[in-house]
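Accompanying notes for the structure given below.
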Amino acid sequence: MECLEIGVDGLEISLTPILSLSLTPILNLSQIGGSVGVSMLVRIFSGGGGGWLVWWLVGICRDVKTQPKKEKRLGGNRAALFVYATEGLENMAFITIAVSLVTYFYGYMNFSLTKSATTLTNFLGTAFMLTLVGGFICDTYLSRFKTCVLFISMELLGYALLAVQAHFPHLRPIPCKGHMNKCEAANSSQTAILFTGLYLVALGTSGVKAALPALGADQFNDEKNPKEVAQLSSFFNWFLLSLTIGAILGVTILVWITTNQGWEWGFGICFVAVLFSLIFVCMGKSLYRNNKPMGSPLLRILQEFHEIHDKEARTHDEILQRTEQFRFLDRAAIIRSTNDAITSTTQGPWTLCTMTQVEETKILIRMLPIIFSTVFMNTCLAQLQTFTIQQSTTMNPNLFGFKVPGPSIPVIPLLFIFVLIPLYDRIFVPLARKITGVPTGIRHLQRIGIGLVLSAVSMAVAGVVETHRKSLSYKHNMVDSLEPLPMSLFWLGFQYAIFGAADMFSLVGLLEFFYAESSTGMKSLSTAISWCSVAFGYFLSTVVVEVVNKVSGGWLANNNINRDKLNYFYWLLSVLSVVNFGFYLVCASWYKYKNVEVKQGDAEGKVEMAMA
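Okay, so the sequence shown: first residue is 35 according to this note's numbering, each after it adds one.
Structure, rendered in C-alpha cells:
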C-alpha cells in the first residue's frame, strides 16, 4: 500500500490514504528535538464531501517515517549457545562410560583383561565409524537439527537399557570372589542385553557427532559477512571447550558416583544428562539456520565415476572452481554458462556431470590421505584410554586425603585443555593472524601437524613413566601384589597432559578442516569423515595389540600388568608416530585448498574467495 507524505513545519509525516483526501493542519504542533515525539491534530477533509474526520497521531517514531519490519535474525552466538549446552551434556555421558567401561566389563560382566580392553575399543571405534550414517542422513534426507533429535533419542534408549541391566542382578553374571579364572562368564542373554544397550548408545552418539558440529558451524557460515569467517574458527574452539567441560564433569563427578554408588546410578545419570541435551537442542530451534538436504553426496560421487548423467539442473549456493589435480575426472563434467544454465547435451563427454560434482569428488579424494595419516594418533589415544586406566589400578590413588578413582585420571588433560583453549583462541590466534594474515591464525593442516608431533612426545613420556612404575613393583617385591605401589597415579598425568594438548590441536583442526573444505552439499558427511579417523584408530588399536603380542612373544599377554612389557609397547608407538608424521607431511604438502565462487543473487559477476 502506498503512503502519502506531507511536509508540516519542516516535518515529514507518512499517512496511508484511504480516500482522496486534502489535509489542512490546525491546532498545535509540538516538536521536541526537531523530529522526536510529535503530537498533533490534523483535520482531514474528504475530497468533495464536507464531513469531518479527526485522527490523533500519537508518538510518531524517531524518523517520523514508518520503519520497515525487520526480519528475525538467525544464527550467531545465541543459537550456538544451545549447541554448546547440548554437546557438553551429551559428551559428559559418553566420556563417563568411555573411560570406565573397562572396569564394568572386568568387574561386573566378568570379562578378561584383554577382552575388556578390546570390547571397549571396538565399541568406541563403532561409535565414531557410524558417524558416516548420521552425516549421510543429514545431507540427504533430514536437516541437521532433526538428525540430532533422532539420534539423541536412540542414545537415550541405550542408556535406559544399560541402567536396567546394572540395576537387576539376574541380568548380570555372579560377581567374582577370587581369581578371575574361577569367575562365571556372562551367558548369551546377558551379553545380548549388554551389547544392544552399548551399540544403541554408539549409534546415537555417532549421529550427534556428525550433525551437531555442522549445525553449530552453520550459525557462522554467512559468507557475505566477513566477521563470521573468524567467528567460525572460534566456534570450533569453544565447541571443544564445551565438550571438555562435559568430559571433566563426567570423569570426576559421574565416575565417582559410578565407583562408589554403583553402575545403575552411573547409567541413570547418563540417561538424565542426555535427556537434558535433547531439551536444549530443541530450545534453540527457532534460532537455528537450518540446512536444506541437497540429495546424496555419495550419489553425486558415484555419478562421477560411473558417468551417470543427472538431467535435472540443480541450484548450487556455490560453484567450485576447476582444479588441475585428477584431470582425468574432468571428462565427466558438463559445461555451465555464467548464469549456471546447462549447455546442450551434444558436447560429447562434457555432458555427464556438473563441474561442482567433479570437484566434490576431487575434494574427497584429496581428503583421504589426510584422514589416513591421522589414524595412528588415535591408535595411541586408545592405548591411553585402556592401558593407562589399568596402570592406575596398581598405583596410590590418594590425593590430599581423597581417594581418586583410576578412571578419573583423564581429568588432568581435560583441565589442561580447559585452560589452553581460551589462551589459544584469545591470545595465540590474534597474534598469529597479524603475522600470517590467515583468519584462523595458522592453517588447518599446520594445526593438525602440531597435534601429531605432540602425540609422539606423549607416547615417549608414557614409556618413561611405565618403566619407573614397573621398577618400583620389582624393587618393593610387589609384582604379584594387589596392594597399590608407593607411586602416585598422578605420574600418569604427564603423558595425559601432553596428549591433551595434541588432541586440542588435531581434533579441532580436523573438524574445522573438513567443514571448511567440503562443499555445501556434504558438510555433515565431511564432519563425519573427520570422526572416522578416531574410529579407524580404535580399530587399528585392537590389531596393533594382537600383532605386537604375536611378534614380540607376549609383551601384553599377561593378566598382570606388572609382568607385561608395556613400556616397550609405548616406545614402539612413539617411533611409529614419528614415521606417521613424516607420511603426514607428504600428504599435507600435496593437498591443494579449494577455491569457490559464491553466487550473489542476481548481481553481475561472482565473488571469488580462497578458502584457507
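Backbone N, C-alpha and C fix where the C-beta goes; we use that ideal spot for every residue, glycine too.
field: beta strand (DSSP E) segment containing S553, residue limits
entry: Segment: none, S553 is in no beta strand (DSSP E) and carries neither H nor E.
- prompt: From Q253 to S177, what distance separates their C-alpha atoms?
  reply: 14 Å
- request: Have a look at the DSSP bridge pairing and note the partners of L277.
  value: When DSSP reads this structure, L277 sits in no beta bridge, so it has no partner.
message: For I476, tell me which candidate among V495, M521, F539, P431 has the shortest Cα-Cα distance.
response: F539
- prompt: What residue from V620, S522, S492, K180 has the CA that sits closest to W605's CA?
  reply: S492
message: Suppose you measure from the CA of F270 to the CA of R460; what does that come to, to the nearest Å?
response: 13 Å
query: Are three or more beta carbon pairs between the stretch 429 to 444 and the stretch 516 to 532 nearer than 8 Å?
result: yes
message: Rounded to whole angstroms, what is the Cα-Cα separation between Q529 and L610?
response: Distance between the alpha carbons of Q529 and L610 is about 17 Å.
query: Buried or exposed: where does R107 fall if 16 or more other Cβ atoms within 10 Å of its Cβ makes it buried?
result: Taking all protein chains in view, the Cβ of R107 is surrounded by fewer than 16 other Cβ atoms within 10 Å, so the residue is classified as exposed.
- prompt: So, are the CB atoms of C172 and A244 less than 8 Å apart?
  reply: yes
query: Exposed or buried, which one is A226 when buried takes at least 16 other CB atoms within 10 Å?
result: exposed
message: Rounded to the nearest angstrom, what separates S276 and T137 at their Cα positions?
response: 26 Å
query: Quick check: the stretch 456 to 475 against the stretch 551 to 567, are there 3 or more CB pairs under 8 Å?
result: no
CA nearest to the CA of W297, picked from G250, M143, K319, G527: M143
query: Hey, quick one: how far does the alpha helix (DSSP H) through M493 stretch, first residue to last?
result: 478 to 509
field: beta strand (DSSP E) segments (min. 3 residues) lying fully within the stretch 160 to 187
entry: Within the stretch 160 to 187, no beta strand (DSSP E) run of at least 3 residues lies entirely inside it.
- prompt: Would you call F229 buried or exposed, if buried means 16 or more other Cβ atoms sit within 10 Å of its Cβ?
  reply: exposed
field: Neighbourhood of S552 by C-beta, 7 Å cutoff - its chain only, sequence neighbours within 5 removed
entry: I397, S560
- prompt: How long is the line joining the alpha carbons of I469 and I484, rounded to whole angstroms?
  reply: 18 Å
message: Given this structure, state the Cα-to-Cα distance separating N412 from V498, to the nearest angstrom.
response: Each residue's Cα considered, the two are about 20 Å apart.
- prompt: Where R206 and I399 are concerned, what is the direct C-alpha to C-alpha distance, given to the nearest angstrom?
  reply: 46 Å
task: Would you kindly check if the distance between the Cβ of V285 and the Cβ of T130 is under 8 Å?
output: yes
message: According to DSSP, simplified to helix, strand and coil, what is P464?
response: helix
task: Put N221 into one of helix, strand or coil per three-state DSSP.
output: coil
- prompt: beta strand (DSSP E) containing S522: first to last residue?
  reply: 519 to 522
message: Counting C-beta neighbours from all protein chains within 10 Å, is the total for E517 16 or more, i.e. buried, or is it exposed?
response: Here E517 is exposed: its Cβ has fewer than 16 other Cβ atoms, across all protein chains shown, within 10 Å.
Three-state class that DSSP yields for F310 in the structure shown: helix
- prompt: In angstroms, rounded to a whole number, what distance separates the CA positions of A550 and V579?
  reply: 35 Å
Close beta carbons around A535, own chain, < 7 Å, minus the five adjacent residues each side: F450, L454, L488
- prompt: Where does K584 sit, in a helix, a strand or coil, going by DSSP?
  reply: helix
- request: Could you tell me which residues DSSP pairs with M429 in its beta bridges?
  value: L519
Identified DSSP bridge partners for K437: N432
query: Does the distance from the CB of Y602 to the CB of L479 come in under 8 Å?
result: No; because the gap between Cβ atoms is not below 8 Å, this pair is not in contact.
task: Identify which residue in Y140, S187, C414, N156 has its Cα closest to the Cα of I208.
output: Y140
field: Expected contact under 8 Å - CB spacing of G122 and I279 to nearest Å
entry: 5 Å
field: Option in S507, Y572, V495, L486 with minimal Cα separation from L619
entry: L486
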